[in-house]
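Engineer:
2 protein chains.
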Amino acid sequence: MRTIRVHLGKRSYPIYIGSRLLGQTGRIVRSLSLGDCAYIVTNARIKRRYGRALATSLQRSKVTVAWALVGDTEQSKSLAQAARLITGILKNCRSRRVFIVALGGGVIGDLAGFVAAVYKRGVPYIQIPTTLLAQVDSSIGGKTALDLPVGKNLIGVFYQPRLVICDTNAITSLPLRQIIAGMAEIIKYAVICDPIFFKFLEKKYPQILAKDQGTLAQVVSRCASIKARIVERDEQETRGLRTILNFGHTLGHAIETAGGYRRLNHGEAVALGMVMAVDIGVRLRMMPKGEAIRIERLLKSCGATVQMRGVSLSKVLRAYVHDKKFVGRKNKFVLLRGIGKAVVRENIPLGLIADVVRGRS
Amino acid sequence: MRTIRVHLGKRSYPIYIGSRLLGQTGRIVRSLSLGDCAYIVTNARIKRRYGRALATSLQRSKVTVAWALVGDTEQSKSLAQAARLITGILKNCRSRRVFIVALGGGVIGDLAGFVAAVYKRGVPYIQIPTTLLAQVDSSIGGKTALDLPVGKNLIGVFYQPRLVICDTNAITSLPLRQIIAGMAEIIKYAVICDPIFFKFLEKKYPQILAKDQGTLAQVVSRCASIKARIVERDEQETRGLRTILNFGHTLGHAIETAGGYRRLNHGEAVALGMVMAVDIGVRLRMMPKGEAIRIERLLKSCGATVQMRGVSLSKVLRAYVHDKKFVGRKNKFVLLRGIGKAVVRENIPLGLIADVVRGRS
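Listed in order, the protein sequences are those of chains A and B.
Numbering-wise, numbering that gives the first Met the number 0 puts 183 at position 184 of the first sequence, and it's gapless, one number per residue.
Numbering-wise, numbering that gives the first Met the number 0 puts 302 at position 303 of the second sequence, and it's gapless, one number per residue.
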């Protein structure tokens with residue numbers, strides 16, 4: 000088992016990474032004395048697969064277990080679902096010290112984290128991410144979010160979990176498409192700040208795609224550690240340091256929106272956003288062509304799509320202009336000066352952006 | 000103008016107290032550079048009365064103004080209203096740096112504060128409380144809250160405003176019933192920690208009821224200062240220090256719930272809760288009878304009811320047992336050892352509580 004600590008003063012917490020950690024949840028939770036009623040937010044499929052192991056572990060540590068099942072899709076990130084979950088907590092854990100368990104991918108983490116943040120002005124929660132994407136990204140850092148009909152992630156707060164448990168064994172049951180989505184975020188960490196990790200990925204990506212437990216633990220640890228260090232320096236995204244984590248996300252979000260969140264999943268859209276951000280860097284002569292080629296090659300080797308299909312160019316540009324990051328009529332892009340060297344640039348000409356998006360259409 | 004600062008590190012903020020401050024809002028907001036679009040949450044009545052003065056002041060300081068009108072009652076503290084307000088921000092202030100203005104009483108402050116806390120993970124907000132109760136209590140300290148059909152204030156976060164402006168001139172237009180409600184909270188501050196202030200109130204209450212501006216500014220400042228000092232030491236109610244602010248609120252809330260939030264307003268219920276808490280203290284021989292009599296006399300002089308009418312005893316006791324503060328099967332009461340000496344006591348016998356409530360029925 001590997002341990003990474005996120006240092007945030009009174010809000011510090013550990014991330015545990017390893018194979019078959021789920022069964023140790025009860026013991027860990029008890030050592031942190033988080034409460035005596037676990038309200039587990041998950042979906043039916045994940046509950047079938049891991050429900051018994053998790054419940055047994057918690058009950059052995061004298062923690063009562065209550066389940067809240069939500070749908071698997073982005074539609075679950077609604078205020079109505081949050082209200083349903085809170086009503087469920089009152090029904091199931093009223094007179095107990097409750098803590099919330101987010102067992103699942105990013106959608107479940109965002110929703111359960113939000114509920115924990117706002118129920119009676121905050122109760123503890125823990126993240127047990129079951130997708131590769133959630134293990135390396137969304138489970139760490141305390142971002143919670145809900146959608147409104149008018150836009151994604153418009154509602155949320157920063158609220159740190161008390162514990163993250165990344166059981167790499169959960170990755171083995173994921174479909175390849177989700178592994179690829181996770182790989183896109185993993186490659187993101189390497190290209191924004193860790194050239195050695197990038198070389199490691201160039202060499203070891205076949206083992207990751209083959210779900211080798213040891214390699215997965217190494218990779219998840221490295222990513223968790225990078226994210227932890229950035230979050231520590233800029234917990235609430237006020238200092239601009241956390242911004243570099245958005246590499247590939249500016250156009251990535253626009254592509255997701257333009258595709259109606261169905262054509263492409265988050266990781267696929269981010270992979271496309273990254274090659275476009277790399278293209279912008281090359282066009283601005285900020286980064287060597289050779290490094291751009293290496294990034295694109297690694298993404299392709301890992302199964303990512305680097306050509307946009309079935310999503311309209313004009314829709315992407317429209318979504319981009321309306322993005323929440325495009326505030327005060329200035330745009331902001333995370334670009335690369337090379338592998339491992341992310342920089343934030345403002346006022347990239349809209350014509351250049353359109354050109355680059357067109358080049359990948 | 001009096002100034003009180005709430006010292007909370009990076010989240011510190013000033014409270015300005017004085018007559019006719021509303022017209023200075025623009026200047027103050029600009030000096031804090033909170034944003035360039037003010038989204039003002041209020042109700043139709045308050046907008047009619049103060050809308051023009053506030054808007055003119057903001058516009059003179061180059062701040063765009065957008066209005067969101069909500070109903071006057073507790074029903075406005077819903078997730079649906081929060082969603083409606085956020086959609087309104089997007090429509091009116093999309094490409095600008097928005098900040099939220101809570102112009103009104105406690106309901107508006109709770110709702111607008113919550114919206115500010117969760118919209119894009121937090122935008123600045125300011126409180127301009129227009130009731131005496133909100134000026135001395137709810138506008139300070141960063142508690143935000145929404146209700147669910149299953150219970151009041153179940154949803155919320157701690158989120159500090161960037162500025163509080165208490166214009167004592169707003170008090171002059173309040174009906175007497177709301178002045179009395181405010182007086183109950185004012186007397187609360189005195190009895191929990193300030194015997195000198197209690198003596199001041201015994202002498203000066205007629206001037207307060209007569210809405211004398213100078214006396215009002217003195218009283219609001221004193222209360223704001225007491226609340227600020229307590230909030231500074233226990234921002235998120237984790238250290239138990241903020242608990243003493245709940246004096247009179249444990250049974251007060253139960254009385255409000257039992258009356259369906261219609262028979263009695265918050266201040267009236269708190270006044271009743273306070274005399275009951277005093278009664279418990281006397282019954283436990285914790286406090287001198289003479290001081291209990293002085294507290295009851297002052298409350299009555301200020302127009303508060305000290306006898307419960309039209310609310311059923313059994314409903315109050317049931318609501319009390321289900322209260323959120325009654326967690327883990329222990330009860331917790333703020334009691335007095337004398338005027339100015341609040342203490343927290345646990346496990347007060349239910350029989351004694353029932354006796355005391357019966358005695359005031």
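Glycine included, every Cβ here is placed at the ideal spot set by N, Cα and C.
Being a predicted model, the structure only gives us computed values, none of them experimental.
Answer yes if the stretch 96-112 of chain B comes into contact with the stretch 142-153 of chain B, meaning at least three C-beta pairs across the two stretches below 8 Å, and no otherwise.
Structural biologist: Because the criterion of three Cβ pairs below 8 Å is met, the stretch 142-153 of chain B and the stretch 96-112 of chain B touch.
Engineer: Is it true that the stretch 308-323 of chain A meets the stretch 0-19 of chain B, where meeting means three or more beta-carbon pairs spaced less than 8 Å apart?
Structural biologist: No, the stretch 308-323 of chain A is not in contact with the stretch 0-19 of chain B.
Engineer: I think S20 (chain A) touches I164 (chain A), with their Cβ atoms under 8 Å apart; what is that distance to the nearest whole Å?
Structural biologist: Residue identity check: residue 20 (chain A) is Leu in the sequence provided, not Ser. Confirmed, Cβ separation roughly 5 Å.
Engineer: Output needed for E201 (chain A): all residues of its chain with C-beta closer than 6 Å, excluding positions within five of it in sequence on either side, in chain order.
Structural biologist: Only L297 meet the Cβ criterion.
Engineer: Going along the stretch 154-167 of chain A in order, which residues come within less than 9 Å of chain B, judged by CB to CB distance?
Structural biologist: Answer in chain order: I154, G155, V156, F157 and Y158.
Engineer: Is there at least one Cβ from chain B nearer than 9 Å to Q74 (chain A)'s Cβ?
Structural biologist: Not closer than 9 Å to any Cβ of chain B, the Cβ of Q74 (chain A) fails to qualify, so no.
Engineer: Nearest to I127 (chain A) by alpha carbon, out of A:A253, A:T242 and A:Y49?
Structural biologist: Residue A:Y49 is the option with its Cα nearest to I127 (chain A).
Engineer: Compute the Euclidean distance between the alpha carbons of M307 (chain A) and A268 (chain A), then round it to the nearest angstrom.
Structural biologist: Going by the C-alpha atoms only, they are around 9 Å apart.
Engineer: Anything in chain B within Cβ reach of I85 (chain A), meaning under 7 Å, just list it in chain order.
Structural biologist: Correct list: L147, L153 and I154.
Engineer: Which one or two residues does DSSP pair with C165 (chain B) in a beta bridge?
Structural biologist: For C165 (chain B), which the question treats as bridged, DSSP gives the partners B:I16.
Engineer: Closer than 7 Å by C-beta to L153 (chain B): which residues in its own chain qualify, once you throw out the five before and the five after it? Chain order, please.
Structural biologist: Once the five neighbours on either side are set aside, the close Cβ partners of L153 (chain B) are D146 and L147.
Engineer: Looking at I88 (chain B): is its Cβ nearer than 9 Å to the Cβ of I39 (chain B)?
Structural biologist: Contact flag unset, no.
Engineer: Is the separation between the beta-carbon of G362 (chain A) and that of M273 (chain A) shorter than 9 Å?
Structural biologist: Summary: the structure shown does not reach residue 362 (chain A), with chain A confined to residues 0 through 360, and so no result is reported for it.
Engineer: Could you please tell me which residues of the stretch 118-131 of chain B, in chain order, have their CB closer than 9 Å to any CB of chain A?
Structural biologist: Flagged, chain order: Y118, K119, R120 and G121.
Engineer: Return the residue from the list A:N264, A:F196 and A:L78 that minimises the CA-CA distance to R176 (chain A).
Structural biologist: For the residues A:N264, A:F196 and A:L78, the minimum Cα distance to R176 (chain A) belongs to A:N264.
Engineer: Closest by CA to V106 (chain B), which one among B:S137, B:K119 and B:A116?
Structural biologist: Selected option, being the one with the closest Cα: B:S137.
Engineer: Tell me, please, which residues DSSP counts as bridged to K331 (chain A).
Structural biologist: K331 (chain A) is bridged to A:E345.
Engineer: Look at the Cβ atom of T41 (chain A), then the Cβ atom of L78 (chain A), and state whether they are nearer than 9 Å.
Structural biologist: It is not a contact, given that the beta carbons lie outside the stated cut-off.
Engineer: Per the DSSP calculation, G337 (chain A) is bridged to which residue(s)?
Structural biologist: Answer is A:K340, bridged to G337 (chain A).
Engineer: Below 7 Å between beta carbons is the criterion; list the residues of the stretch 104-116 of chain B that meet it against any residue of chain A, in chain order.
Structural biologist: Answer set for the stretch 104-116 of chain B: A116.
Engineer: For Q80 (chain A), count neighbouring C-beta atoms within 10 Å of its own C-beta (all shown protein chains included) and say buried if the count is 16 or more, exposed if not.
Structural biologist: Looking at its Cβ environment, which holds 16 or more other Cβ atoms inside 10 Å, Q80 (chain A) is buried.
Engineer: Going by beta-carbon coordinates alone, are F197 (chain B) and I186 (chain B) separated by less than 9 Å?
Structural biologist: Against a cut-off of 9 Å, the Cβ pair of I186 (chain B) and F197 (chain B) comes out as a contact.
Engineer: Along the chain, where does the alpha helix (DSSP H) containing V117 (chain A) start, and where does it finish?
Structural biologist: It spans G105 to V117 - the alpha helix (DSSP H) in which V117 (chain A) sits, taken as one unbroken run.
Engineer: For the beta strand (DSSP E) holding R4 (chain B), just list the boundary residues, first then last.
Structural biologist: Segment R1 to V5, the beta strand (DSSP E) holding R4 (chain B).
Engineer: Are the CB atoms of Q159 (chain B) and C222 (chain B) nearer to each other than 9 Å?
Structural biologist: No.
Engineer: Of the residues that make up the stretch 51-79 of chain B, which ones have a beta carbon closer than 7 Å to any beta carbon in chain A?
Structural biologist: Residues passing the 7 Å Cβ filter: L78.
Engineer: Pull up the distance between the alpha-carbon of K90 (chain B) and that of K46 (chain B), whole angstroms please.
Structural biologist: The straight-line gap from Cα to Cα measures roughly 20 Å.
Engineer: Would you please state the rounded distance, in angstroms, between the beta carbons of P123 (chain B) and R161 (chain B)? I believe it to be under 8 Å.
Structural biologist: About 5 Å separates the two Cβ atoms, so the contact holds.
Engineer: Determine whether the Cβ of E236 (chain A) lies closer than 9 Å to any Cβ atom of chain B.
Structural biologist: Closer than 9 Å to some Cβ of chain B, the Cβ of E236 (chain A) qualifies, so yes.
Engineer: Assuming G280 (chain B) contacts L240 (chain B) under a Cβ cut-off of 8 Å, what Cβ separation, rounded to an integer in Å, is found between them?
Structural biologist: That pair is no contact at about 20 Å.
Engineer: Whose Cβ in chain B lies nearer than 8 Å to the Cβ of G150 (chain A)?
Structural biologist: In chain order: L89.
Engineer: When the cut-off is 9 Å and only beta carbons count, does H321 (chain A) lie next to chain B?
Structural biologist: Judged by the 9 Å Cβ criterion, H321 (chain A) is in contact with chain B.
Engineer: Given that A82 (chain A) touches chain B, what residues does it touch there, using C-beta distances under 7 Å?
Structural biologist: Simply L78 and L147.
Engineer: Look at the Cβ atom of D278 (chain A), then the Cβ atom of A270 (chain A), and state whether they are nearer than 9 Å.
Structural biologist: No, they are not a contact pair.
Engineer: Cβ atoms of S75 (chain A) and V28 (chain A): under 9 Å apart, would you say?
Structural biologist: Result no, Cβ atoms of V28 (chain A) and S75 (chain A) do not sit closer than 9 Å.
Engineer: In chain order, what are the residue ranges of uninterrupted alpha helix (DSSP H) at least 4 long that sit wholly in the stretch 290-326 of chain B?
Structural biologist: Whole alpha helix (DSSP H) segments, 4+ residues: 312-320.
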